[in-house]
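One structure is given here, and the rest of the page talks about it.
2 protein chains.
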Amino acid sequence: MEFWFDFSSPYAFFAAQDVDGLAARHGRSVTWRPFMLAAAFQVTGMSSFSRAPLRGDYGRHDWDRIARAKGIHFALPPFHPYNALHPARTFYWLAASHPDMAKDFALACFAAYFQDGADLRQPDVVADIAADQGAPRDQALAAMAAPQFKECFRQATEEALAKGVFGSPFFLVDGEPFWGWDRLPMVEEWLSGGGW
Amino acid sequence: MEFWFDFSSPYAFFAAQDVDGLAARHGRSVTWRPFMLAAAFQVTGMSSFSRAPLRGDYGRHDWDRIARAKGIHFALPPFHPYNALHPARTFYWLAASHPDMAKDFALACFAAYFQDGADLRQPDVVADIAADQGAPRDQALAAMAAPQFKECFRQATEEALAKGVFGSPFFLVDGEPFWGWDRLPMVEEWLSGGGW
């Protein structure tokens, strides 16, 4: 199954904690696919949840209670939301060059941003996280600036839109689409052969 | 607890089937509150799910599979979405004059529209549904045109926005907000004293 997300999405942060475990319970593996949610917003006429009147307040309340329910720390950085191009480009570089590090890097980025307030707009900060996973720091910095991984991220975003992915997180299970963190129970039902 | 909805919302149709039973399992009752979702969209910058690129296709796929999962008939009318002011005004008239009929009327409107393709833009069609519940048909028609119930619906929409309600369905459990049909399991956890 595929897990599509934007690194700046709080609901993707929560989904990232559980999606691999959920899939594994049903003998499935998960391909993680960062994409640029803002590009999907342009197509669908949606806007950032965090910034919208009413929805932003609901989101902040909701993220805090989900964190409490899951017993994990959550602290939205003051500069939320951000353009997560550096984590995404680095992710695609790792997926190509050090595939065993890519998911741990993504989880570490989510934790750095949503739990420790790290400023992932800064390439240096993202490179440190890649280095923590054992990747060469200078190559990470080079990858973030390389046309190749910029293009990789752009193509991933195009692929997302072509597949009908318009939100974050978004799950495709053998092509069957599920939008939103709150659909993980339905994904699990589907994997259990719900039959509907 | 409060159940806020727009009569034109497919996810509200599904929620309407279950919300009273869910509440009753926890010794609670539900106050049904139609409001004008389009007014909330203006505040939050959202747009109609059904009409948006990508989201509309996802919605139609999702509603069909939810209906299959629940084993109920669902057929989106070709003129979906519609401005549900007549069902809403009639609902508030019934809530004031024949309160025991209001919920059954609402359920009958949902079924007429989402299962039988009835055109609830027509006052005559809505009046027939009210009459089926035992309400005086001519009074229903008069209520739909009366400034009093137009105002009632407007005030309900204002109250919704003041309470942070921006989507349909939306649940308030002692003030705790839950947006979306897919949050009913979380509402149930909350009512069970989830404690988070």
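Protein chains in written order, with this note's numbering: chain A, 30 to 225; chain B, 30 to 225. Beta carbons are placed, not taken as given, at the ideal position from N, Cα and C, and that holds for glycine.
- Taken in chain order, the stretch 75-134 of chain A contains no complete beta strand (DSSP E) segment of 3 residues or longer.
- The beta carbon of residue 87 of chain B sits closer than 9 Å to some beta carbon of chain A.
- DSSP places residue 165 of chain B in the coil class of the three-state scheme, outside both helix and strand.
- At a C-beta separation below 9 Å, residue 222 of chain A has no neighbours in chain B, since its nearest C-beta there lies roughly 12 Å away.
- Taking CB atoms only, residue 73 of chain B has a neighbour in chain A less than 9 Å away.
- Looking from the CA of residue 42 of chain A, the closest CA among A:83, A:96, A:52, A:56 belongs to A:96.
- Contact annotation, residue 73 of chain A with residue 195 of chain A: C-beta distance approximately 5 Å; criterion of less than 8 Å satisfied.
- Using a Cβ-Cβ cut-off of 7 Å, residue 76 of chain A is close to 74 of chain B, given in chain order.
- The C-beta of residue 217 of chain A comes no closer than 9 Å to any C-beta of chain B.
- Residues of chain A whose Cβ lies closer than 7 Å to the Cβ of residue 82 of chain B are, in chain order, 72, 73.
- DSSP, read as helix, strand or coil, puts residue 201 of chain B in strand.
- With respect to chain B, the C-beta atom of residue 107 of chain A has no partner C-beta closer than 9 Å.
- By a beta-carbon distance limit of 8 Å, residue 219 of chain A does not contact residue 169 of chain A. Their separation comes to about 36 Å.
- Exposure of residue 58 of chain B is indicated by the presence of fewer than 16 other C-beta atoms within 10 angstroms of its C-beta.
- With respect to chain B, the C-beta atom of residue 67 of chain A has no partner C-beta closer than 9 Å.
- Uninterrupted alpha helix (DSSP H) stretches at least 4 residues long and entirely within the stretch 151-196 of chain A occur at 152-161, 166-174, 176-191, given in chain order.
- With its beta carbon less than 9 Å from one in chain A, residue 94 of chain B belongs to the interface.
- Between residue 64 of chain B and residue 118 of chain B, the C-beta gap is not smaller than 9 Å, which leaves the two residues out of contact.
- Within the same chain, and ignoring the five residues on either side of residue 39 of chain A in sequence, the residues whose Cβ sits closer than 6 Å to its Cβ are 92.
- In this chain, the alpha helix (DSSP H) harbouring residue 42 of chain A covers 39-53.
- Residue-level contact by beta carbon holds for residue 212 of chain A and chain B, with a gap shorter than 9 Å.
- For the 9 Å CB-CB criterion, residue 47 of chain A and residue 213 of chain A form a contact.
- Counting along the chain, residue 70 of chain A sits inside the alpha helix (DSSP H) bounded by residues 66-73.
- Counting along the chain, the unbroken alpha helix (DSSP H) around residue 219 of chain B starts and ends at 213-220.
- At a cut-off of 9 Å between beta carbons, residue 91 of chain B contacts chain A.
- In the DSSP assignment, residue 36 of chain B falls outside any beta strand (DSSP E), carrying neither H nor E.
- By the Cβ criterion, the stretch 151-169 of chain A is in contact with the stretch 126-138 of chain A, since at least three pairs of Cβ atoms, one from each stretch, lie closer than 8 Å.
- For residue 62 of chain B, the uninterrupted beta strand (DSSP E) run begins and ends at 60-63, by DSSP.
- Cβ atoms of residue 113 of chain B and residue 124 of chain B stay farther apart than 8 Å, at about 15 Å.
- With fewer than 16 other CB atoms across the displayed protein chains lying within 10 angstroms of its CB, residue 221 of chain B is exposed.
- Residues of chain A whose Cβ lies closer than 9 Å to the Cβ of residue 50 of chain B do not exist; the shortest such Cβ separation is about 19 Å.
- With contacts defined as CB atoms closer than 9 Å, residue 145 of chain B and residue 104 of chain B qualify as a contacting pair.
- Interface criterion not met: the Cβ of residue 33 of chain A is under 9 Å from no Cβ in chain B.
- Under the 9 Å criterion on CB atoms, residue 202 of chain A is classed as non-interfacial with respect to chain B.
- Taking a C-beta cut-off of 9 Å against chain B, the contacting residues of the stretch 157-191 of chain A are 190, listed in chain order.
- One Cα belongs to residue 151 of chain A, the other to residue 115 of chain A, and the distance between them is close to 8 Å.
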